[in-house]
Each structure stands twice: as structure tokens, then as C-alpha cells.
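To start, the structure under review is shown below, and the notes come after it.
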């Protein structure tokens, strides 16, 4: 995040913070913060960290046990085949490697969708540029579409944390020791 540079920007940031202090965060933001808290607590308890990392090297999202995989199943439905496996595979479908996918429109900057009358956030799915959802694509690389000739999932959205596409990220599983060695934060 870049520093505030003008008085106008500083005033606007103070205005936003005053609103959050008075009314609290928006409902979608509350859910996102609770997901982060759950993932952080799980990592602290187990010593195993799961994150969605951008190609810039920044951790954009912490992954909680209920966070969805590209295959549509939660992380809790995935398990490591052995201690040397890099990614857990799904126990409910043919998915060979858990790949985090955003599950709320707010996570990809589409904050206005939940405000629309009749919108059900539980039915929202991340979409490819071919207009089909991640669940309409094959669960393994190269993520071919089952509905059209699309040869790979190319996200029609950007990450709210870094403004990069889904395919510019990787799902990373690492131990506390690996994070310490890489100079990444632990126990927070």
C-alpha cells in the first residue's frame, strides 16, 4: 500500500476511518476479517500456514479450513498424500492440488454486488474470461472449460489485495520454520 501523499487523500482516509469507527466494517469486510482470523488461529495452533501468494511475493489471503479450492470443495476436504507432498489433494473429487479461489465478490473488488436486491452471495462464483465459473472448469491444470473450447482458466477478476489475476498467484503451504527462514511473519 502506498503512503498517503496529499492533504486531500489524508482527509479522505480519516473520513473513511471515522466511518469504520462509528459504524464498523461493511458486512462483507467483516466476513473477510473473520476468515483471516480463523486462518491465523489455525496456523498458530498447527504451525502450518496456507496462503494465497501473488507473483510479487506478497501473501494476499490466508487460507482457512473452510476456504474453497478451485474444485469447489473446502481445504478441509483435502489432505496431503504423504509428508513430502507439496499440495493436498481432494478426497471428494479428482482434484490433485488445492488451489485457493476467492469465494466472495468483495475479495475481487466487486463490493457492489451484495448490495443489489435479490443478490445471494452464496451463489457467486469466480469467473473465467470465457464467462464460465471455476466450477465449470476441470479441477486440475490446465483447468480446461467443460462448457466451451476454453483451454485454461483465465480470471475475469483481479485480487483486491494486489490487483493481479488469479493465475498470477499460487497457493502455498509452509511450516512456521519455513516462514521464519524466509523472513515472513509468524504467530500473528
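In our numbering, the protein residues as written are 350 to 537. Don't be surprised by glycine CBs; every beta carbon is placed ideally from N, CA and C.
Alpha carbon to alpha carbon, how far is residue j from residue i? Give it in angstroms, no decimals.
i, j, result
"residue 444", "residue 423", "12 Å"
"residue 459", "residue 414", "24 Å"
"residue 524", "residue 496", "38 Å"
"residue 437", "residue 363", "43 Å"
"residue 359", "residue 385", "27 Å"
"residue 374", "residue 463", "14 Å"
"residue 481", "residue 421", "14 Å"
"residue 519", "residue 425", "18 Å"
"residue 356", "residue 432", "53 Å"
"residue 522", "residue 372", "36 Å"
"residue 350", "residue 366", "Caution is warranted here: a pLDDT of 46 is assigned to residue 350, below 50, making its placement in the model unreliable, and no coordinate value can be reported."
"residue 533", "residue 417", "24 Å"
"residue 391", "residue 456", "21 Å"
Tell whether a beta-carbon distance below 8 Å holds between residue i and residue j.
i, j, result
"residue 434", "residue 451", "no"
"residue 494", "residue 483", "no"
"residue 499", "residue 479", "yes"
"residue 404", "residue 510", "no"
Name the DSSP beta bridge partners of residue i, please?
i, result
"residue 522", "399"
"residue 545", "Since the first residue shown for the chain is 350 and the last is 537, residue 545 is missing from the structure and cannot be characterised."
Round the Cβ separation of residue i and residue j to the nearest angstrom and send it over; I've been treating them as touching at under 8 Å.
i, j, result
"residue 477", "residue 502", "5 Å"
"residue 470", "residue 491", "About 29 Å; that fails the 8 Å criterion."
"residue 537", "residue 388", "With 8 Å as the limit, residue 537 and residue 388 do not qualify as a contact, their Cβ atoms being about 12 Å apart."
"residue 447", "residue 427", "5 Å"
With DSSP collapsed to three states, give me the class of residue i.
i, result
"residue 350", "With a pLDDT of only 46 at residue 350, under the threshold of 50, the placement of this residue in the model should not be trusted; the figure read from the coordinates follows. It is coil, neither helix nor strand."
"residue 408", "strand"
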